[in-house]
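Below is one structure, written out as structure tokens; comments come after it.
2 protein chains.
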Amino acid sequence: MDNLQAITKPVAKEVEEFNSLFATILRGHNPDFQSMIDFISGKNGKRIRPLITLLSAGLCGKVNQKSIDYALIIELLHTTTLIHDDVVDNTMERRSRPSVNAKYDNRVAVLLGDYILALAITRAVMAQNLNIMEIIARVARFLADGELTQLINSREIILDETRYFNVIRNKTAVLIAACGEMGAISVGASPETREILRQTGENIGLCFQLRDDIFDYFESGDIGKPTGNDIREGKITLPLLYALKTAPKAKSEEMFRLIETKNYTPENIKLLTAFARENGGIEYAERKMREIKAQIVALLGGFPASEAKNSMLQLVDYVIEREK
Amino acid sequence: MDNLQAITKPVAKEVEEFNSLFATILRGHNPDFQSMIDFISGKNGKRIRPLITLLSAGLCGKVNQKSIDYALIIELLHTTTLIHDDVVDNTMERRSRPSVNAKYDNRVAVLLGDYILALAITRAVMAQNLNIMEIIARVARFLADGELTQLINSREIILDETRYFNVIRNKTAVLIAACGEMGAISVGASPETREILRQTGENIGLCFQLRDDIFDYFESGDIGKPTGNDIREGKITLPLLYALKTAPKAKSEEMFRLIETKNYTPENIKLLTAFARENGGIEYAERKMREIKAQIVALLGGFPASEAKNSMLQLVDYVIEREK
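Sequence order for the protein chains is A and B.
Here our numbering is used: the first residue of the first sequence is 1, the next is one more, and so on.
Here our numbering is used: the first residue of the second sequence is 1001, the next is one more, and so on.
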């Protein structure tokens, strides 16, 4: 049993039902493009978001059908953003398989993403809860805002930590915040509890993205996946941002010039990632994660001991320490 | 006063308010990409959809704030599909100005389309009417379905009129059907009346797309815009479809081969459009529009005489006869 499986235990039955319902939702569409939907359906990720939704529900009540329904809406919304983001970033691989744009083309990916988003909206309407629909509308806005801001910022070199955190909040943390909030709503939690779980989710989302961003500075052991993808796309994430601001001026100016000229040869990417690593960028980002974790622990302090609470805390460690 | 202005008269005040509110909705966003939204905001189309929404409301009651609110949701949804469709079709010009993908790039267009869609969903949620949200979710699904089916079908040569009508129903008519239905809902019309106006809208939508498709077989007088854009993208619309099915076998097989080999030189495009024109394709599509118009007239037969009714009937003629 790996870590994630152990963490899932308190909601294992519900996760199973989620998996089965998610597959069902993706069946029976227009035969002209069902095969494309099957392709998405076969690409299961770690499904961290549904897990957070269900654990949040479990933290403050008895997980129920609504908890699962809300998790489905969130995973559909997440799926659509992955498909569109892969077009935007020209990513060719997703979850160890070709991305939709790689397998088909950008045009299919744009429309298939739109179609899955429409399924998410449909499920949100079916929930017949105005609150849920408001959250979904807001999250959809923030997701597009975050990705768009990141794309635009990648044209200039902005060394502003606040802006970095705003982007990762919008593009990643807001959706995970919705997991916490919607999980709480599904079991009728009080507004105060909803807010606590919303903030918990948001903080987990920040850690999730920080860890994701750190990966880009290391070679992946198993497949020798090239590092520096973010840098190549003009995304300066926290480790490099920190190093550029704090390293000796001569060195950081040299790195600045590499970025400015977008001269992203394999050698220069190596120089930039090594520069970030050697100037405390990784440690700084890890420190940030530990600070955020402390906030999460404080937020969850008021909940009585439970399996779900244990799992949620273990999940935070998993998100921070995971190796892929 | 041109035709459209005369048609607008019974709801002129509301159209004006619509225009002003639409501009307001598109203001005050993230400064990082407000200029991109301004660019969209400046590209006003004919705004046929809000007009149909308002006239539908006027046909069965007194146009009110809800009618305008619903028109705004529809125009936002329409805007997002234009932006994404231009990416999918690689269209460089829209409303005599560069498309978003041409002005910026495909990546911006994907995300900006997502953002505008999120605004549409937000407005739909603000309407606090489950019915409206259901319609919007359904329309979003059909729009993506229609575009995706068309894209996939463009890879093979399908001479099936039913399939052609299904595609134009999904990609165009379903949204205009929603204009009729939502206009009726906005003034509290009965379910029967809603259904009549939904069907009216759907039929107007079919005519709208048929006329749009016919344009592609003629050179545009004013700017000498090249014809055959649809054909070049593998879209066989009704005039060519009809000609391929009914022209003498030898000739249509020759044309079939041109399409099969995708040998779309300017000369071959000329051959194909001339073939459709010379073999009754245009007349056939125009006959279809007249048949649909007769259905619309029958659908509206039960409404008492009114300015709005007059305008709606004139609008049908405008849609069928317009020259751009």
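The beta carbon of each residue, even a glycine, is placed where N, CA and C say it ideally should be.
Treat the numbers as computed from the prediction; the structure is a model and nothing was measured.
Exercise. Output the distance between the C-alpha atoms of Ala1012 of chain B and Ala1006 of chain B, rounded to the nearest integer angstrom.
Key: 9 Å
Quiz item: Quick one: complete alpha helix (DSSP H) runs, 4+ long, within the stretch 112-161 of chain A?
Solution: 130-153
Exercise. Report the rounded CA-to-CA distance for Met1255 of chain B versus Ile1157 of chain B, giving the unit in angstroms.
Key: 12 Å
Quiz prompt | 8 Å contact criterion, which Val1187 of chain B and Ala1057 of chain B should meet: CB distance rounded | solution = 5 Å
Quiz item: Just checking my contact of Thr1080 of chain B with Ala1144 of chain B at CB under 8 Å: how many whole Å lie between their CB atoms?
Solution: The Cβ separation is near 11 Å, so there is no contact.
Quiz item: Would you call the stretch 1102-1113 of chain B and the stretch 1159-1176 of chain B touching, i.e. three or more CB-CB distances under 8 Å?
Solution: no
Quiz item: List, in order along the chain, the chain B residues whose C-beta lies closer than 7 Å to that of Phe208 of chain A?
Solution: Within 7 Å Cβ-Cβ: nothing; Phe208 of chain A doesn't reach chain B, min ~21 Å.
Quiz item: Does Asp1038 of chain B have its Cβ less than 7 Å from a Cβ in chain D?
Solution: Looking at the structure shown, chain D is missing, and the protein chains on hand are A and B.
Practice problem: Anything in the stretch 171-183 of chain A with a Cβ closer than 8 Å to a Cβ of chain B? List those residues in chain order, please. | Solution: none
Self-check item: Three-state class that DSSP yields for Ile27 of chain A in the structure shown
Solution: For clarity, residue 27 of chain A is Arg in the given sequence; the question names Ile instead. Coil, per DSSP.
Practice problem: For Leu325 of chain A, go through chain B and note every residue whose CB falls closer than 7 Å to its CB, in chain order. | Solution: This structure cannot settle anything about residue 325 of chain A, because the visible part of chain A is limited to 1 through 324.
Exercise. Write down the C-beta distance between Ile1116 of chain B and Ile1083 of chain B rounded to the nearest angstrom, noting that I regard them as a contact closer than 8 Å.
Key: 7 Å
Self-check item: Alpha-carbon to alpha-carbon, Ala1177 of chain B and Ala276 of chain A
Solution: 56 Å
Quiz item: How would you label Arg47 of chain A, buried or exposed, when you count the other beta carbons within 10 angstroms and need 16 or more for buried?
Solution: buried
Quiz item: In three-state DSSP terms, what is Glu1181 of chain B?
Solution: helix
Exercise. Check the Cβ of Ala144 of chain A against every Cβ in chain B and list those closer than 7 Å, keeping chain order.
Key: Leu1111, Asp1114, Tyr1115 and Ala1118
Practice problem: Compare the C-beta of Asn1030 of chain B against all C-beta atoms of chain A and say whether one is closer than 7 Å. | Solution: yes
Quiz item: Considering only residues of the same chain and omitting the five flanking positions on each side of Ile1320 of chain B, which have a CB-CB separation below 7 Å?
Solution: Cys1207, Arg1211, Met1289 and Lys1293
Quiz item: Among A:Leu4, A:Gly234 and A:Val297, which has the Cα closest to the Cα of Asn203 of chain A?
Solution: A:Val297
Quiz item: Can a CB atom of chain A be found closer than 7 Å to the CB of Phe1033 of chain B?
Solution: yes
Quiz item: Would you call the CB atoms of Ile1214 of chain B and Ala1274 of chain B closer than 7 Å?
Solution: no
Quiz item: Does the Cβ of Arg1095 of chain B have 16 or more other Cβ atoms within 10 Å, making it buried, or fewer, making it exposed?
Solution: exposed
Quiz item: Which one of A:Lys9, A:Glu283 and A:Leu72 has the shortest CA to CA distance from Leu26 of chain A?
Solution: A:Leu72
Practice problem: State the DSSP-derived secondary structure class of Arg287 of chain A, mapped to helix, strand or coil. | Solution: helix
Quiz prompt | Backbone secondary structure at Pro239 of chain A - three-state DSSP | solution = helix
Quiz item: Does the distance from the C-beta atom of Ser67 of chain A to that of Gly183 of chain A stay below 7 Å?
Solution: yes
Practice problem: Kindly say whether Ile185 of chain A, judged by its beta-carbon, lies nearer than 7 Å to any beta-carbon of chain B. | Solution: no
Quiz item: In chain order, what residues of the same chain lie with their CB nearer than 7 Å to the CB of Leu1004 of chain B, ignoring the 5 residues before and after it?
Solution: Lys1046 and Tyr1318
Self-check item: Members of the stretch 1081-1095 of chain B that neighbour chain A once the beta carbon cut-off is set at 7 Å
Solution: His1084, Val1087 and Val1088
Quiz item: So what does DSSP say about Arg47 of chain A, is it helix, strand or coil?
Solution: coil
Quiz item: Of all the options A:Arg49, A:Pro10, A:Met92 and A:Arg138, which has the alpha carbon lying nearest to the alpha carbon of Gly205 of chain A?
Solution: A:Arg49
Practice problem: Assign Ala118 of chain A to buried or exposed, taking buried as 16 or more other Cβ atoms, counted over all protein chains shown, within 10 Å of its Cβ. | Solution: buried
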